[in-house]
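There are 2 protein chains.
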Amino acid sequence: MSIAELVERHHTTLEDAIAANRTRTFHAHWPEAPSGKIYGENANADGEAAFRGQLNNPFRGLLQGASNATVGEEASPYGFALGITYPSDNVDMLVNRASAAQTAWRSLAPDERASILTEALERASKRFFEIGYATQHTTGQGFVMAFQASGPHAFDRALEAVALGLDAQESFTSNVLWAKPMGKFEVSIEKSYRIAPKGINVVIGCSTFPVWNTVPGMFAGLVTGNAVIVKPHPGSVYPIAIVIAELQQTLSDVGLDVHVCQLAADSVAEPRALDLIQHPAVRIVDYTGGPAFGAVVEQKAHEAGKTVFTEKAGVNCIIIDSVQDATKALDNVAFALSLYAGQMCTAPQNIFVPRSGVRTADGRTLSVDEIAGLLRDRIDALVGNEKAGPGTIGAIQNPATAARLDEALALGLDVARASAPITQPGFDNARSFSPLVLRTDASRRDIFEREWFGPISFIVETDSFDHALTLVTDSVRQHGALTTLVYTTDPAKADLAEDAIITAGAPVAFNFDSFVWVNQSAAFSDFHGAGNNPAGNASFADLTFVTARYNVLGVRKQA
Amino acid sequence: MSIAELVERHHTTLEDAIAANRTRTFHAHWPEAPSGKIYGENANADGEAAFRGQLNNPFRGLLQGASNATVGEEASPYGFALGITYPSDNVDMLVNRASAAQTAWRSLAPDERASILTEALERASKRFFEIGYATQHTTGQGFVMAFQASGPHAFDRALEAVALGLDAQESFTSNVLWAKPMGKFEVSIEKSYRIAPKGINVVIGCSTFPVWNTVPGMFAGLVTGNAVIVKPHPGSVYPIAIVIAELQQTLSDVGLDVHVCQLAADSVAEPRALDLIQHPAVRIVDYTGGPAFGAVVEQKAHEAGKTVFTEKAGVNCIIIDSVQDATKALDNVAFALSLYAGQMCTAPQNIFVPRSGVRTADGRTLSVDEIAGLLRDRIDALVGNEKAGPGTIGAIQNPATAARLDEALALGLDVARASAPITQPGFDNARSFSPLVLRTDASRRDIFEREWFGPISFIVETDSFDHALTLVTDSVRQHGALTTLVYTTDPAKADLAEDAIITAGAPVAFNFDSFVWVNQSAAFSDFHGAGNNPAGNASFADLTFVTARYNVLGVRKQA
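Chains as they are written, first to last, in the working numbering: chain A, 1 to 559; chain B, 1 to 559.
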């Protein structure tokens with residue numbers, strides 16, 4: 001297998017992805033359904049068997065240099081230890097290998113890099129079911145969500161970054177004979193333009209979305225010529241290790257140094273992130289995770305003039321002013337609050353409802369009490385649905401998130417809906433809880449403007465729509481947000497909200513009452529991460545997300 | 001005049017500029033010759049009369065809000081004070097006006113902003129001769145260079161940034177109906193994408209290139225929806241004030257707030273740069289100037305997570321290994337050293353010559369002594385040319401630069417060519433000096449690896465070509481460089497040098513021996529500023545230079 005063959009093989013995939021980035025219509029290179037008809041009748045069973053076979057064994061498939069040490073502390077939120085170990089290399093070793101590997105990698109043409117990366121994604125996609133089980137049992141996501149979030153949805157985000165990086169690098173010629181007219185003669189210079197990657201790119205993953213939140217930075221760094229070191233969260237290594245292993249095998253097959261991309265596993269007791277970030281050869285840092293450590297990452301990177309992309313966390317808000325159909329609207333909100341038990345950076349937390357109530361299309365006005373009751377009912381309906389409920393809610397990744405439910409209850413606020421343990425069939429020890437919804441008024445900004453990561457939300461009664469909008473824009477500016485959602489049937493209010501929220505620095509959705517939820521963003525179409533508020537500066541995948549990882553250096557030769 | 005008319009009027013200009021950015025062929029929207037045939041037979045006389053009329057008067061034409069205070073301390077390096085005063089607003093006033101003006105500006109479509117900016121450039125281009133005189137008598141550049149550098153060359157850089165910014169913002173659709181197939185039905189969302197400028201953009205200019213180095217950041221900031229505050233060097237305000245005045249008049253004519261772009265003049269005694277940079281509403285900073293203050297600017301911006309683009313200074317190197325024609329090669333080097341007396345951030349400083357000498361195409365080998373002698377002769381020929389010499393060298397902007405000549409002489413190194421005062425016809429008190437060339441060996445890195453801004457260069461004898469290349473790449477990594485130039489007729493050495501210098505992080509030129517000089521970079525074709533070494537992180541104009549100034553925020557509506 002040659003690189004030229006891969007360029008030929010993946011040309012159309014990349015061309016279609018580039019077109020999708022431009023048109024932003026629906027595009028999915030990998031179908032999202034975990035279906036045997038699509039992925040093969042045995043794919044599920046094979047994937048589960050691979051998962052079972054990997055448990056309690058050293059991780060198989062990485063080709064990177066042998067390590068003296070291993071780590072491994074993953075435990076399924078569904079109640080068992082994974083027992084998988086990973087190589088744990090020291091920072092200097094990782095960086096030295098990355099530096100050596102980068103020399104050949106940076107000298108490839110952008111379309112060569114893009115094609116090798118696409119090949120690796122195609123190979124890893126054959127393991128979507130194993131990735132799904134690996135994700136379910138590290139993050140706690142229900143299986144279908146785990147399959148989608150770490151499989152097709154994540155891989156589409158990776159392909160999006162590869163395609164955008166390729167498009168950007170090819171947005172101007174790589175060679176030109178420049179001829180300047182000088183009256184009676186002209187002077188000519190042969191010019192070429194070289195992509196100069198900024199340096200080693202470290203990608204720090206999170207425990208809840210170990211693939212989805214890692215691959216955009218990882219593949220953006222790689223396609224632009226940087227060697228990448230992926231440091232996953234110690235609790236969620238397995239899913240991304242599969243992707244790295246397939247990439248290393250692909251690199252090896254085309255005769256490249258596998259250390260173009262390495263896994264840097266660490267442990268909670270001996271974390272490696274700060275040492276990696278602060279190594280002078282590391283010039284780009286991607287980070288997804290909590291805001292406290294995220295602020296440290298940003299500070300260290302900024303001090304050293306490094307490029308840094310972060311996705312921390314914000315406080316996502318909903319305003320309910322008026323609705324076409326209250327049940328459909330609150331079904332949508334109920335699902336958004338329940339999906340993966342609120343453990344998404346995009347999940348709503350605060351639901352602002354004007355004291356005067358919510359007008360509906362049939363001319364009624366629902367009071368705040370009625371809205372709270374309806375939301376409770378719609379969550380109950382979802383949670384109580386034996387087929388859909390447990391899989392939608394999944395399990396709680398971190399015990400601290402479960403403990404936060406008690407902390408929220410102890411606030412003493414009115415309870416609109418009480419949280420309760422959820423039975424996860426087949427997993428008697430799963431850490432699973434349904435959403436808690438509390439009620440408060442706008443005076444308790446000290447409470448609801450904090451991030452309550454997990455299945456905790458607040459219905460906040462406001463004086464008016466304008467009051468709600470002011471609270472939301474203030475919150476976006478001070479605490480950040482990944483998403484906002486407004487329900488209003490009044491076009492003037494919609495325009496007002498759109499301008500105010502965009503100016504504050506967050507994206508905005510309106511009147512979602514169907515099978516699209518505010519906490520989901522679609523690759524090739526939605527920019528994920530505002531980039532413009534305290535929730536982080538990354539946006540999957542805008543141009544800066546790829547272009548800030550390299551420079552262009554000119555070579556001029558007298559012709 | 002409506003904005004729609006301007007979009008129509010400048011459509012082709014912008015389309016051609018976008019195409020030029022992609023093809024990187026020779027493109028000049030404004031001809032570089034200061035010729036009456038091009039710009040009108042009276043243009044020179046009118047421009048000089050406008051310049052004379054402006055001297056010793058308050059600056060005319062700005063429309064920004066009245067100031068309580070004025071400043072003005074410009075003095076021509078040709079020996080007279082300009083006596084022009086400018087409004088000097090306090091930082092809060094400037095920022096408040098900019099914030100108010102930005103609301104309407106950000107809501108325009110990118111092509112509307114681009115067209116308004118192009119109109120302003122076209123209007124200001126009618127004053128190229130006045131800008132030329134204003135530049136000559138603030139920077140010390142000879143008139144022809146001043147005309148070109150602040151006129152057509154600078155305006156092409158501005159148009160390049162406008163076109164690239166427009167192209168980037170239009171690289172994806174602004175509206176789409178997204179329809180996701182869901183088996184038997186599909187779900188649709190109306191999506192739009194809004195450009196969200198990061199915030200107020202402050203552009204800090206330098207004394208030597210008050211237009212050329214200011215307009216890229218200024219127009220990149222503006223086209224991406226930011227309000228811009230330009231803080232010129234107190235010694236070089238007049239040329240850029242003309243551009244700002246024409247832009248403000250254009251904004252006013254289309255009914256926009258003129259404070260979209262403001263002049264923030266200050267004085268050496270009461271500098272405003274740090275206060276501007278540190279204002280919380282300022283989110284983007286462009287800086288051109290000395291490395292000491294540049295480092296402070298970068299630190300303050302990084303600490304606050306602001307976008308910052310810098311062009312500081314480096315140590316630019318030449319290697320002479322072998323040449324086709326020694327006289328032509330050293331003519332080229334002589335001109336590069338003499339042009340504006342080395343006061344260009346791109347001017348060469350260190351000329352490395354292997355001890356074994358320089359082979360020529362006719363089979364001879366010139367010793368280091370012979371190379372030094374030939375360089376002296378070619379500088380003498382240029383300097384002694386009464387027609388070309390004084391205008392090429394111009395005058396020294398800053399007395400400290402002239403004093404540096406004495407400091408260099410006091411090093412006690414061998415003098416390859418002595419500097420001498422230059423008579424500038426018509427200006428008996430001009431501060432003008434020809435190039436000083438010193439000789440040293442490679443052991444004196446403490447001397448030659450410092451930046452010696454001004455007409456000071458060093459011929460450095462090295463052990464070999466490889467030794468020279470190592471010195472150059474080390475210097476690029478440690479001290480930065482805007483340019484490098486290698487003379488070699490050996491293709492293997494050229495390849496080696498190209499890879500080594502590109503990897504070190506600087507652009508490279510080869511064998512310049514014609515009418516292109518290493519210290520000139522062409523808009524639409526050459527990326528100016530490596531962006532990847534200690535000389536600064538800006539590159540005129542790569543994608544990041546425009547895209548890092550805004551974010552994209554999505555609006556999603558249930559369809």
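All C-beta atoms, glycine included, are put in the ideal place defined by N, C-alpha and C.
Closer than 8 angstroms, Cβ to Cβ, to anything on chain A: give me those residues from the segment 280-297 of chain B, in chain order.
-> Of all residues in the segment 280-297 of chain B, none has a Cβ within less than 8 angstroms of some Cβ in chain A.
For valine 297(B) versus isoleucine 189(A), is the C-beta spacing smaller than 8 angstroms?
-> No, they are not a contact pair.
Is the beta carbon of glycine 314(A) less than 8 angstroms from the beta carbon of alanine 481(A)?
-> Their beta carbons are under 8 angstroms apart, which means glycine 314(A) touches alanine 481(A) by this criterion.
Kindly say whether arginine 97(A), judged by its beta-carbon, lies nearer than 8 angstroms to any beta-carbon of chain B.
-> False, the Cβ-Cβ gap to chain B never drops below 8 angstroms.
Can you round the beta-carbon distance between valine 353(A) and isoleucine 371(A) to whole angstroms, since I take them to be within the 8 angstroms contact cut?
-> Taking C-beta atoms under 8 angstroms as the contact rule, valine 353(A) and isoleucine 371(A) qualify, at a distance of about 5 angstroms.
What does valine 508(B) touch in chain A if you count any residue whose Cβ is under 7 angstroms from its own?
-> By Cβ distance, chain A contributes Val555.
Which residues of chain A have a Cβ atom closer than 9 angstroms to the Cβ of alanine 179(B), listed in chain order?
-> Under the 9 angstroms cutoff, chain A gives Thr25 and Phe26.
Arginine 106(A) in three-state terms, based on DSSP | Note: arginine 106(A) maps to helix in three-state DSSP.
On the three-state DSSP scale, how would you describe phenylalanine 172(B)?
-> Here phenylalanine 172(B) carries a coil assignment [DSSP, helix/strand/coil].
Simplified DSSP assignment, three categories, for aspartate 325(A) | The answer is coil: DSSP assigns aspartate 325(A) none of H, G, I, E or B.
Answer yes or no: do glutamine 262(B) and glutamine 64(B) have a C-beta to C-beta separation smaller than 8 angstroms?
-> Going by C-beta atoms, glutamine 262(B) is nearer than 8 angstroms to glutamine 64(B).
Any C-beta of chain A under 8 angstroms from that of glutamine 343(B) | Any Cβ of chain A closer than 8 angstroms to the Cβ of glutamine 343(B) would place that residue at the interface, and such an atom is absent.
If the cut is a Cβ gap below 7 angstroms, which residues of chain A does phenylalanine 512(B) touch?
-> Against phenylalanine 512(B), the close residues of chain A are Gln558, in the order they occur along the chain (beta-carbon pairs closer than 7 angstroms).
Counting only beta-carbon atoms, is aspartate 16(A) nearer than 8 angstroms to chain B?
-> Output row for aspartate 16(A): interface = no.
Phenylalanine 524(A) beta carbon less than 8 angstroms from that of histidine 27(A) | Taking 8 angstroms as the Cβ cut-off, histidine 27(A) and phenylalanine 524(A) qualify as a contacting pair.
Given that a residue counts as buried once 16 or more other Cβ atoms are within 10 Å of its Cβ, and exposed if not, what is lysine 198(B)?
-> That one is buried.
Among residues of its own chain, excluding the 5 on either side of valine 258(B), which ones have a beta-carbon nearer than 7 angstroms to its beta-carbon?
-> Closer than 7 angstroms at Cβ, skipping near neighbours: Leu63, Gln64, Gln248, Leu251 and Ser252.
Give me the Cα-Cα distance between serine 150(A) and glutamate 48(A), rounded to the nearest whole angstrom.
-> Taking the Cα positions, serine 150(A) is about 15 angstroms away from glutamate 48(A).
Interface residues of chain A facing lysine 198(B) [CB-CB closer than 8 angstroms] = What lysine 198(B) touches in chain A, judged by beta-carbon distance under 8 angstroms, is Asn532, going in chain order.
Within the chosen definition, does the segment 469-480 of chain A reach the segment 518-533 of chain B through at least 3 CB pairs nearer than 8 angstroms?
-> With a cut-off of 8 angstroms on Cβ pairs, the segment 469-480 of chain A is not in contact with the segment 518-533 of chain B, counting fewer than three such pairs.
Pairwise C-alpha distance: glutamate 498(A) and serine 419(A) = Their backbone Cα atoms lie some 33 angstroms apart in a straight line.
Around the Cβ of arginine 450(A), are there at least 16 other Cβ atoms within 10 angstroms (buried) or fewer (exposed)?
-> Counting C-beta atoms within 10 angstroms of its own C-beta, arginine 450(A) has fewer than 16 neighbours from the protein chains shown and is therefore classed as exposed.
Should lysine 306(A) be labelled buried (16 or more other beta-carbon atoms within 10 Å of its own) or exposed?
-> Around the C-beta of lysine 306(A), 16 or more other C-beta atoms lie within 10 Å, and the residue is accordingly described as buried.
Minimum Cβ-Cβ distance from lysine 191(B) to chain A less than 8 angstroms = Interface residue, yes.
Quick one, which residues of the segment 297-328 of chain B are near chain A if we go by CB-CB under 7 angstroms, in chain order?
-> Residues Glu298, His302, Glu303 and Gly305.
In chain B, which residues lie with their C-beta within 7 angstroms of the C-beta of isoleucine 240(A)?
-> For a Cβ distance threshold of 7 angstroms, nothing in chain B lies close to isoleucine 240(A): the least Cβ distance comes to about 27 angstroms.
Does the count of Cβ pairs from the segment 278-298 of chain B and the segment 456-475 of chain B closer than 8 angstroms reach three?
-> The segment 278-298 of chain B vs the segment 456-475 of chain B: no contact.
If we cut at 8 angstroms on Cβ distances, does valine 187(B) have a partner in chain A?
-> Residue-level contact check: valine 187(B) touches chain A, since one or more beta carbons of chain A fall below 8 angstroms from its beta carbon.
What separation, rounded to the nearest whole angstrom, lies between the Cα atoms of valine 460(B) and aspartate 325(B)?
-> Straight-line Cα distance between these residues: approximately 21 angstroms.
Closer than 9 angstroms by beta-carbon distance: list the chain B residues that pair up with phenylalanine 527(A), in chain order.
-> Within 9 angstroms Cβ-Cβ: Tyr193, Asn551, Val552, Leu553 and Gly554.
Candidates Ala227(B), Trp178(B) and Gly205(B): which alpha carbon is nearest tyrosine 193(B)'s?
-> Distance check between tyrosine 193(B) and each of Ala227(B), Trp178(B) and Gly205(B) places Trp178(B) closest, using alpha-carbon atoms only.
Closest Cβ-Cβ distance between alanine 468(A) and chain B: below 8 angstroms?
-> For alanine 468(A), no CB of chain B lies under 8 angstroms from its own CB, so it is not counted at the interface with that chain.
Any chance the segment 150-169 of chain A sits against the segment 410-419 of chain A, with 3 or more Cβ pairs inside 8 angstroms?
-> The segment 150-169 of chain A vs the segment 410-419 of chain A: no contact.
Please compile the residues from chain B whose C-beta is within a distance smaller than 9 angstroms of the C-beta of asparagine 429(A).
-> Under the 9 angstroms cutoff, chain B gives no residues; its nearest Cβ is about 35 angstroms from asparagine 429(A).
Using a Cβ-Cβ cut-off of less than 7 angstroms, give me the residues of the segment 153-176 of chain B that come near chain A, in sequence order.
-> From the segment 153-176 of chain B, only Ala168, Ser171, Phe172, Thr173 and Val176 have a Cβ closer than 7 angstroms to chain A.
Using a Cβ cut-off of 8 angstroms (strictly closer), state whether glutamate 498(B) contacts chain A.
-> Flagged as an interface residue toward chain A: glutamate 498(B), by a C-beta distance shorter than 8 angstroms.
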